[in-house]
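Have a look at the structure below, then the notes.
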Amino acid sequence: MKVIIAGGGTGGHLFPAVALGEEMIRERPALDVLFVGTSAGLEAKWLPKSGYKYELFEMHG
64 MKVIIAGGGT GGHLFPAVAL GEEMIRERPA LDVLFVGTSA GLEAKWLPKS GYKYELFEMH
124 G
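Note that the sequence shown covers residues 64 to 124 in the numbering used here.
Below you can see the structure in the form of structure tokens.
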């Protein structure tokens, strides 16, 4: 099963999203989780170092 989890901008959004993904992977190790966020948020600095699969998008409000 594949799952996309979107959240970022701030740690208040990113870290709960990562915690959710980690728990899902713990429950189902074969799960394919992809984190998505913006290229301007905290996730652009944190996700590359995390080891998780991720995609960053350029977005504007």
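Note that beta-carbon positions come from the ideal geometry of N, C-alpha and C, so glycine has one too.
{"query": "Check for me: the beta strand (DSSP E) holding A69 runs from which residue to which?", "result": "K65 to A69"}
{"query": "How far does the alpha helix (DSSP H) with E90 in it reach, from first residue to last?", "result": "G74 to E90"}
{"query": "Mind checking whether G70 and G100 have CB atoms under 8 Å apart?", "result": "yes"}
{"query": "Can you give me the C-alpha to C-alpha distance between L126 and K112, rounded to a whole angstrom?", "result": "Nothing about residue 126 can be reported from this structure: the residues present for the chain run from 64 to 124 only."}
{"query": "Grouping DSSP H, G and I as helix and E and B as strand, with all else coil, what is L97?", "result": "strand"}
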